[in-house]
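Per this note's numbering, the sequence shown runs over residues 324 to 769.
What follows is one structure encoded as structure tokens, with my remarks underneath.
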Amino acid sequence: MELNLMKAVHYFSFFACLYFLFQTSAFAKADVNIQINKSVETLSLIYTTGTPAQKIAFVNSPNDSRTKRWKPVNNEFEVVHEKHQEFIQRIDGKAFNHVQLSLTPTYKHLPKSYAPIAPFSDGGVLIHTGRLFACIDLCSDDDNGWKIKIEVEGNAHFIANGKVNYQSENWLGYDDGQYVYIGQQKPIDEPAFLAMIDQGLPEKMKMELSQSLPKTMTFFESHLGENSSSVKPMLFASYSNKKGKDIQGGVLPNQVFIHWDMDNLDEKLKEKNFINRTLWMFAHEASHFYQDSASLVSDKSESWIHEGNAEWLSAIALREFYPEIIELFISKKLNQAKSDCANALTKYSLEDAARKGNYRSYYQCGIIIHSLIDKKTRELSKGKQSIFNVWNDFKEQGKNKGKTGAVGFWAVTEKYISSDMLQGLKNLTTDKLADPENYINQLESL
324 MELNLMKAVH
334 YFSFFACLYF
344 LFQTSAFAKA
354 DVNIQINKSV
364 ETLSLIYTTG
374 TPAQKIAFVN
384 SPNDSRTKRW
394 KPVNNEFEVV
404 HEKHQEFIQR
414 IDGKAFNHVQ
424 LSLTPTYKHL
434 PKSYAPIAPF
444 SDGGVLIHTG
454 RLFACIDLCS
464 DDDNGWKIKI
474 EVEGNAHFIA
484 NGKVNYQSEN
494 WLGYDDGQYV
504 YIGQQKPIDE
514 PAFLAMIDQG
524 LPEKMKMELS
534 QSLPKTMTFF
544 ESHLGENSSS
554 VKPMLFASYS
564 NKKGKDIQGG
574 VLPNQVFIHW
584 DMDNLDEKLK
594 EKNFINRTLW
604 MFAHEASHFY
614 QDSASLVSDK
624 SESWIHEGNA
634 EWLSAIALRE
644 FYPEIIELFI
654 SKKLNQAKSD
664 CANALTKYSL
674 EDAARKGNYR
684 SYYQCGIIIH
694 SLIDKKTREL
704 SKGKQSIFNV
714 WNDFKEQGKN
724 KGKTGAVGFW
734 AVTEKYISSD
744 MLQGLKNLTT
754 DKLADPENYI
764 NQLESL
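Below, the structure is given as structure tokens:
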């Protein structure tokens with residue numbers, strides 16, 4: 324099934340933000356340890372438990388694909404799917420505390436979930452650890468914190484938690500987990516980030532990503548300060564030149580990833596703006612590394628703050644790197660955002676969009692809001708200040724005074740734009756408007 328790239332990005336970006344907003348620190352009561360073994364030809368999992376288990380149940384089961392692709396090494400075990408739940412059990416029903424399974428190391432699209440495995444062209448793989456999380460008997464909502472160990476052979480290494488590891492390593496995985504890379508390809512290892520760009524990608528795309536990603540990270544770091552996380556950001560671009568039509572992209576904590584599962588990528592590259600859309604997505608997610616939005620926005624109804632800011636920062640970054648070719652793309656994107664935003668606001672206010680299930684409006688209306696703030700800030704300061712000044716003040720205010728969310732953002736913004744523009748933008752986020760498109764046009768003329 325074909326997955327629209329931007330829809331996938333919006334979906335995953337929103338729920339990745341929820342990770343930061345609702346992260347828990349509870350440890351799993353299940354006491355299930357997970358070991359990943361990767362050799363040249365096989366990928367296997369070993370589950371061990373501290374106490375005997377009748378079954379090992381997985382945290383998330385969007386379908387029954389584990390029953391088809393996860394094969395117990397010992398034929399005394401089986402993977403079953405019952406009542407929307409997948410679990411491992413002995414066929415004879417006896418308790419156990421150790422089981423090993425072999426996995427098919429190929430791409431599989433899952434409904435509303437991250438792909439379990441994203442292969443690289445040279446045999447390396449990205450593995451989503453969240454797909455592996457399991458508990459004894461059944462997972463409760465409070466279970467969190469799984470012990471993970473990775474073993475590699477020969478010249479292979481793995482990337483996890485912002486580090487390249489050449490020997491086995493243990494850690495605790497939480498919430499949605501992370502993607503870990505296992506293989507032999509050497510990453511782009513910079514002080515500010517790690518990047519793994521599949522060497523099998525078409526040359527044009529590989530060149531664009533190799534040049535754009537380092538520049539984007541450096542650009543945002545220079546304008547927004549160093550990434551506050553102790554974990555180095557990781558960027559992954561993987562490719563399966565197999566029969567398929569899927570493009571899946573998204574984010575996990577300290578990670579941006581995109582996978583192409585298709586045998587016509589060279590043809591896709593001929594489409595107008597295909598690369599521009601890809602670079603925009605990476606720029607959007609890269610900006611999140613430097614926003615510190617987890618400490619600034621806690622209400623999902625105010626997601627226009629950080630998502631709209633990331634959208635507009637993507638435009639600024641790409642305009643910086645590709646001034647000759649990107650302007651028309653940005654213009655069309657803004658016009659589409661205005662139209663989509665106006666359409667949403669005829670039905671409900673922006674702050675009600677999350678409750679209505681329309682998360683995209685935070686991107687669409689948000690980019691309009693931040694572009695107007697940036698424009699007016701630059702005009703009134705005669706080019707000496709920009710949206711970066713506004714955001715850095717917002718971060719500083721949140722850190723020193725605890726003023727966050729929309730109230731804190733507007734308190735900072737009022738120092739940079741006129742009172743009329745400020746009030747107009749506030750109304751755009753809170754009111755259901757009779758003619759939103761005309762309202763936005765009036766704001767643009769202020």
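Built from N, CA and C at the ideal position, the CB exists for glycine as well.
Counted as a single uninterrupted DSSP element, the stretch harbouring Gly731 is not any beta strand (DSSP E) but the alpha helix (DSSP H) occupying residues Gly728 to Thr736. In the DSSP assignment, Pro537 falls outside any beta strand (DSSP E) and within the unbroken alpha helix (DSSP H) covering Glu526 to Leu547.
Excluding sequence positions up to five before and after Ser616, its CB lies within less than 6 Å of the CB of His629, all in the same chain and listed in chain order. Our two residues, Asp622 and Gly728, have alpha carbons roughly 7 Å apart in a direct line.
With a 10 Å radius around the Cβ and a threshold of 16 neighbouring Cβ atoms, His407 comes out exposed. Note that the stretch 464-471 touches the stretch 354-369; at least 3 beta-carbon pairs, one per stretch, sit closer than 8 Å. Comparing C-alpha distances from Leu424 to each of Pro537, Asp663 and Arg392 shows the shortest one belongs to Arg392. Unbroken beta strand (DSSP E) stretches of 3 residues or longer found wholly inside the stretch 363-429: 366-376, 378-381, 393-395, 400-405, 408-413 and 419-426, given in chain order. Excluding its 5 nearest sequence neighbours in each direction, His546 has C-beta neighbours in its own chain below 6 Å: Phe711, listed in chain order. Counting along the chain, Leu703 sits inside the alpha helix (DSSP H) bounded by residues Arg683 to Leu703. In this structure, Tyr489 keeps its C-beta atom at 8 Å or more from the C-beta atom of Phe559. Under DSSP, Ser563 shares a beta bridge with Asp584.
For Phe612, the enclosing alpha helix (DSSP H) covers residues Phe597 to Gln614. Between Ser694 and Trp635, the C-beta gap is smaller than 8 Å, which places the two residues in contact. In the DSSP assignment, the residues bridged to Gly496 are Trp469.
CA-CA distance, Gln508 to Phe543, rounds to 27 Å. Look at Pro759 here: in three-state DSSP terms it is helix. The beta-bridge partner set that DSSP reports for Ile520 consists of Ala560.
In the DSSP assignment, Val554 falls outside any alpha helix (DSSP H), carrying neither H nor E. Using a Cβ-Cβ distance cut-off of 8 Å, the stretch 362-379 and the stretch 450-461 are in contact, since at least three pairs of beta carbons, one from each stretch, lie closer than that value.
Taking a contact to require three or more Cβ pairs closer than 8 Å, the stretch 648-667 and the stretch 710-725 do not qualify as touching.
Burial check for Thr669: the Cβ neighbour count within 10 Å stays below 16, so the residue is exposed. Out of Glu401, Val579, Tyr430 and Thr365, the CA that lies nearest to the CA of Glu476 is found in Thr365. With respect to Lys538, Phe419 sits apart: the two C-beta atoms are not nearer than 8 Å. Of all alpha-carbon atoms in Gly548, Lys655 and Gly567, the one lying nearest the alpha-carbon of Asn599 is that of Lys655. Looking from the CA of Ser561, the closest CA among Ile692, Ile440 and Lys679 belongs to Ile440. In terms of CA proximity to Asp415, Glu401 leads the group Asn681, His480 and Glu401. Note that the C-beta distance between Val735 and Gln720 is below 8 Å. Distance from the Cα of Pro428 is smallest, within the candidate group Arg413, Gly506 and Lys435, for Gly506.
CA-to-CA, the gap between Ala606 and Ala640 works out to about 7 Å. A contact is defined here as three or more CB-CB pairs under 8 Å, and the stretch 513-529 meets this definition with respect to the stretch 440-453. Only buried fits Ile691, as 16 or more other CB atoms lie within 10 angstroms of its CB. For His582, same chain residues with a beta-carbon under 6 Å away, outside a window of 5 residues either side, are Ala441, Ser561 and Gln571 in chain order. Judged by beta-carbon spacing, Gly731 lies beyond the 8 Å limit of Tyr685, meaning their Cβ atoms are not closer than that value. Contact between Gly500 and Thr452 holds: CB atoms are separated by about 4 Å, below the 8 Å threshold. By the CB criterion at 8 Å, Tyr682 and Gln708 fall outside the cutoff.
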